[in-house]
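For reference, each letter of the sequence shown is one residue, going 30 to 90 in this note's numbering. Don't be surprised by glycine CBs; every beta carbon is placed ideally from N, CA and C.
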Amino acid sequence: MRNIQQGKQAGVNKVSAVFAVSKRDELRKNMVTDLAVWLISNGYKVSLKDGELEILTIEWE
30 MRNIQQGKQA
40 GVNKVSAVFA
50 VSKRDELRKN
60 MVTDLAVWLI
70 SNGYKVSLKD
80 GELEILTIEW
90 E
């Protein structure tokens, strides 16, 4: 949330978060998904790209 607030203050409308989560670590993978769901329910546009790293992009108006 701090990065989102800093982005808003700087006049940008998008931030990205990179998560290095093991494919076998279900608890941490669920944490990233839960975070994305929470952001969506609070009005943010979210995209989650899965690969070697998970990249969560958060946008607002």
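Cβ neighbour criterion (16 or more within 10 Å) applied to residue i
| i | result |
| --- | --- |
| residue 55 | exposed |
| residue 65 | buried |
| residue 87 | buried |
Where residue i falls: helix, strand or coil (DSSP)
| i | result |
| --- | --- |
| residue 83 | strand |
Check whether residue i and residue j have beta carbons under 8 Å apart
| i | j | result |
| --- | --- | --- |
| residue 83 | residue 50 | yes |
| residue 68 | residue 77 | no |
CB contact check: residue i to chain D, cutoff 8 Å
| i | result |
| --- | --- |
| residue 90 | Any reference to chain D falls outside this structure, which holds one protein chain only. |
CA nearest to the CA of residue i, picked from the options
| i | options | result |
| --- | --- | --- |
| residue 58 | 32, 80, 89 | 80 |
| residue 72 | 47, 89, 61, 48 | 89 |
| residue 46 | 37, 33, 38 | 33 |
Legend entry - 4 or more residues per run - each alpha helix (DSSP H) lying fully within the region 42-78: Complete alpha helix (DSSP H) runs here, min 4: 55-70.
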